[in-house]
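According to my numbering, the stretch in the sequence shown is residues 50 to 574, in order. A virtual CB, placed ideally from N, CA and C, is assigned to each residue, including glycine. Written below as structure tokens is the structure these notes are about.
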Amino acid sequence: MPADFQPDSVRSQLERVVNSKAFASSARSGKLLRFLVERTLSGDAGGLKEYTIGAQALERGDSFDPRTDPIVRAEASRLRTRLALYYATEGLADEVAISLPKGSYVPVFESRTQSRAEPAGSDRRWKITALACAALAVIAVGWSWRAGDSRPAPLRRFEIELRSGGSLGGTVSPDVAISPDGSLLIFIAQDANAVARLYTLLLDEQNASALEGTEGARDPFFSPDGQWIAFQANGKLRKIPAAGGPAVVLCDASDSHGGSWGADGNIYAVLDTTGKVRRIPGNGGNPVTVADLSPGLLAYPQVLPGSTALLLTSVFGGGTAIEVLSLKDGSRKVVARGGTTARYLPNGYLVYLTGGTLFAVAFDPARRETRGAPVAILHDVAYSLTHGFAHLAFSENGTVVYRRSSNLVSIDWLDATGNTTPLVPTPARYVRPRLSSDGTRLVYGIAEASGISSWAFDIRTGTATRVTSGDSSVSQPMWTGCGSFAFWAKTPSINTIAGMRGLHAARMRGDIHTPAGYRVSPKLR
50 MPADFQPDSV
60 RSQLERVVNS
70 KAFASSARSG
80 KLLRFLVERT
90 LSGDAGGLKE
100 YTIGAQALER
110 GDSFDPRTDP
120 IVRAEASRLR
130 TRLALYYATE
140 GLADEVAISL
150 PKGSYVPVFE
160 SRTQSRAEPA
170 GSDRRWKITA
180 LACAALAVIA
190 VGWSWRAGDS
200 RPAPLRRFEI
210 ELRSGGSLGG
220 TVSPDVAISP
230 DGSLLIFIAQ
240 DANAVARLYT
250 LLLDEQNASA
260 LEGTEGARDP
270 FFSPDGQWIA
280 FQANGKLRKI
290 PAAGGPAVVL
300 CDASDSHGGS
310 WGADGNIYAV
320 LDTTGKVRRI
330 PGNGGNPVTV
340 ADLSPGLLAY
350 PQVLPGSTAL
360 LLTSVFGGGT
370 AIEVLSLKDG
380 SRKVVARGGT
390 TARYLPNGYL
400 VYLTGGTLFA
410 VAFDPARRET
420 RGAPVAILHD
430 VAYSLTHGFA
440 HLAFSENGTV
450 VYRRSSNLVS
460 IDWLDATGNT
470 TPLVPTPARY
480 VRPRLSSDGT
490 RLVYGIAEAS
500 GISSWAFDIR
510 TGTATRVTSG
520 DSSVSQPMWT
530 GCGSFAFWAK
540 TPSINTIAGM
550 RGLHAARMRG
560 DIHTPAGYRV
570 SPKLR
């Protein structure tokens, strides 16, 4: 604790925080923060370990096992989100800041007097605009990409009231976009009848406005000049003036897995579930296929500078990779493996998402090569555990807009009356759960920064067993008809045949190599 801080001043700040609106709906977060702060003030920061916190602060008792119960990590993530929300809203003017650094359970106490001052230095500064999952709180802060410079840029804050009964975001596609000049934010919200629309917000104002004529909107993105917004709705790719006006149909689009509007006037988008990238004139017309990875998929394209190449996410046999596609000769090159929703930024960095964490690596678009090792730059980015897209977007002038979320979900039993009871006791970033035919065992994945870890859960004993560690090449679990074996699709690398890994190694060891597109026979014992 800094020498100029007295315990009483920290305790006073603690009371402000835990009694704030940001913490009103979560007594557990307040209790956890109080436990961590008091232990630190009493000189016992070294004792703030995962077991101690789970057993005492979260009342799991002496039998608590952090190897199988991730509640401490989950609650710490929630606490960090609530602290960020508090200091961006009610605590904006507070002089004492309490934070919980990523990877630590020891709170840090800092003076905010100097951090609110305008920093000197880098002219290449990036602002972050975060859309919290609560009401719709938008926080704009910043950092520098210059190595060694971590001084924060001035904080900006926006609050948006949604319509009564409304909710932020869509369900099956990215729901935020920002204009190239960083002045206009687009987001999707649903009304009380679950009808999604586009909303616009000028970042120097406080009030958002609905764009009429965008009912059912998904996956918005801007034209290069910022004058138009393209989006998919009701089986069509459409565009609408950013200032408002009638929407124009561009072509058929039964689905949407990302789009980008190039400086050459063309839109490059994935318009259906075949995963093909197609080129559509900006004024509308017949789509032309420019890339096809069948039976794999391509998604979330971005037109690179010069409109001669696309940055893409490729999905094949359960694995993912970031690729560059030449629009001149159709050649493809993998530049990163295991990520999704990649974007090239004007400062020469490639960013992509893995397990809710945004990574950045230096990138040469002309040579299609990365330089150096990827570095994690942003955590808790909301993304789809099923489809892989992230709720974030980048402007040309250095603004990042994203939704913050822990993506924690629960696995529950649903009975015939519609009531639910927890099946797996602790929320986590679960993906692809599969129940055995006899209803006694469950296999699932947990999304981690390094990929998807595979788990087996015995419902009878409540025991969870890790099968594989964070491996982005292992996914898609399935059971044999008798429920004796579980398998996972395994793709060691893109464009190779898939394999399957057995759960019971005593009866099956290693991998079974098989062409992509396989099924487990119901007669397999």
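If we ignore side chains and look at the alpha-carbon of each, how far apart do residue i and residue j end up?
i	j	result
R109	L81	13 Å
P56	Q62	10 Å
C300	D321	12 Å
T37	A340	Past the edges of the chain, shown from 50 to 574, lies residue 37, and the structure says nothing about it.
L252	V225	14 Å
R453	R129	11 Å
P350	A513	38 Å
E445	F270	13 Å
L132	Y479	25 Å
L360	H428	22 Å
A496	R127	17 Å
P119	S112	14 Å
K325	F365	13 Å
K98	L149	14 Å
R246	D93	51 Å
G355	K151	38 Å
D413	Y401	15 Å
T390	Y317	15 Å
Would you identify the three-state DSSP class for residue i, choosing helix, strand or coil?
i	result
E445	coil
P330	strand
Q105	helix
G19	Since the first residue shown for the chain is 50 and the last is 574, residue 19 is missing from the structure and cannot be characterised.
G265	coil
F100	Looking at the sequence shown, residue 100 is not Phe but Tyr. Reduced to three states, the DSSP call for Y100 is helix.
P56	helix
F72	helix
E144	coil
R452	strand
Y154	coil
V458	strand
R127	helix
A431	coil
E64	helix
Considering residue i, what are the terminal residues of the beta strand (DSSP E) in which it resides?
i	result
L438	Reading off the sequence shown, one finds Phe at residue 438, where the question assumed Leu. Where F438 is concerned, there is no enclosing beta strand (DSSP E), given that its DSSP letter is neither H nor E.
E159	157 to 160
R478	Per DSSP, R478 belongs to no beta strand (DSSP E) and is neither H nor E.
L359	358 to 365
F288	It should be noted that the sequence gives Lys, not Phe, for residue 288. Looking at the DSSP string, the run of the beta strand (DSSP E) that includes K288 is 285 to 290.
N315	315 to 319
V337	337 to 340
D301	297 to 301
I495	490 to 497
Does the beta-carbon of residue i have 16 or more other beta-carbons within 10 angstroms, so that it is buried, or is it exposed?
i	result
V59	buried
E64	exposed
N68	exposed
Q276	exposed
F280	buried
N315	buried
S303	exposed
G447	buried
A257	buried
S272	buried
P223	buried
P156	buried
L342	buried
V450	buried
V424	exposed
G231	buried
The alpha helix (DSSP H) with residue i in it runs from where to where?
i	result
A76	76 to 90
Inter-stretch contact at 8 Å, needing at least 3 Cβ pairs: the segment 498 to 518 / the segment 95 to 105: no
Does the segment 329 to 337 come into contact with the segment 370 to 383, if we say contact requires no fewer than three beta-carbon pairs (one atom in each stretch) closer than 8 Å? no
Given 8 Å as the limit, is there contact between the segment 415 to 423 and the segment 431 to 441, that is, 3 or more CB pairs closer than that? no
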